[in-house]
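Notes follow once the structure below has been shown.
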Amino acid sequence: MTKTCLECEEKIVGREDKKFCSDGCRNAYNNKMNKDSTNFMRNINNKLRKNYRILIELNPDGKSKTTRAKLLSKGFDFEFFTNILRTKTGNTYYFLYDQGYLVLDNEYYMLVKKDI
Numbered sequence: 001m002t003k004t005c006l007e008c009e010e011k012i013v014g015r016e017d018k019k020f021c022s023d024g025c026r027n028a029y030n031n032k033m034n035k036d037s038t039n040f041m042r043n044i045n046n047k048l049r050k051n052y053r054i055l056i057e058l059n060p061d062g063k064s065k066t067t068r069a070k071l072l073s074k075g076f077d078f079e080f081f082t083n084i085l086r087t088k089t090g091n092t093y094y095f096l097y098d099q100g101y102l103v104l105d106n107e108y109y110m111l112v113k114k115d116i
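Heads up, the sequence shown is in our numbering, so the first residue is 1 and it goes up one at a time.
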């Protein structure tokens, strides 16, 4: 039984469990499978990435405090986050993957990093 490349459908030579004829075909196939399918998805993912980069920049040590004005000046969009954590004490943390923030009084924010 001969196997064909998942990307270009050329005959595969080599190991029995091989799926691609070359690294180029493997990369092309994976890029095609992982690309954002619509502009809407691409725009949301770009906003999430931007928010994440801003939190990393302002929180290099894993815990810090900043202002709403500083976040907004860097382009942070408070409508985009990946998950919410509500603690037993009633605090609500908003996270972008492992970087998060807690709303404090007087437009201050506590920036935190979740240990994964």
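Every residue, glycine too, gets a C-beta built ideally from N, C-alpha and C. Predicted model, so just to flag it, every value in this text is computed and none were measured.
| said: Can you find the residues in the same chain that come closer than 8 Å, C-beta to C-beta, to F20, ignoring five residues on each side of it along the sequence? | reply: C5, L6, E7, I12, R26, Y29
| query | How many whole angstroms separate the CB atoms of K63 and V112, which I take to be in contact at a CB cut-off of 8 Å? | reply | About 6 Å; that satisfies the 8 Å criterion.
| request: Starting from the N-terminal side, write out each stretch of the beta strand (DSSP E) that is 3 residues or longer and does not extend beyond the segment 42-90. | output: 63-67, 83-86
| request: Check F95 in the structure and name its three-state DSSP category. | output: strand
| task | Flag T87 as yes if its beta-carbon sits less than 7 Å from any beta-carbon of chain C, otherwise no. | result | Absent from the structure is chain C; it holds one protein chain and no more.
| task | Can you have a look at T66 and say buried or exposed, based on whether 16 or more other CB atoms are within 10 angstroms of its CB? | result | buried
| query | Expressed to the nearest angstrom, what Euclidean distance is found between the alpha-carbon atoms of N45 and P60? | reply | Between N45 and P60, the C-alpha separation is close to 22 Å.
| From this set, Y109, T2, K74, which residue's C-alpha is nearest N91's C-alpha? | Y109
| Buried or exposed: where does G118 fall if 16 or more other Cβ atoms within 10 Å of its Cβ makes it buried? | As shown, the chain starts at 1 and ends at 116. That puts residue 118 outside it, with no answer to give.
| said: Pop quiz: K47 and F80 are said to be a contact at Cβ under 8 Å. What is the actual Cβ separation, rounded to whole angstroms? | reply: The beta-carbon separation of K47 and F80, rounded to 4 Å, stays under the 8 Å limit for a contact.
| query | Going by DSSP, what residues sit across from M110 in a beta bridge? | reply | Its beta-bridge partners are K65, L102.
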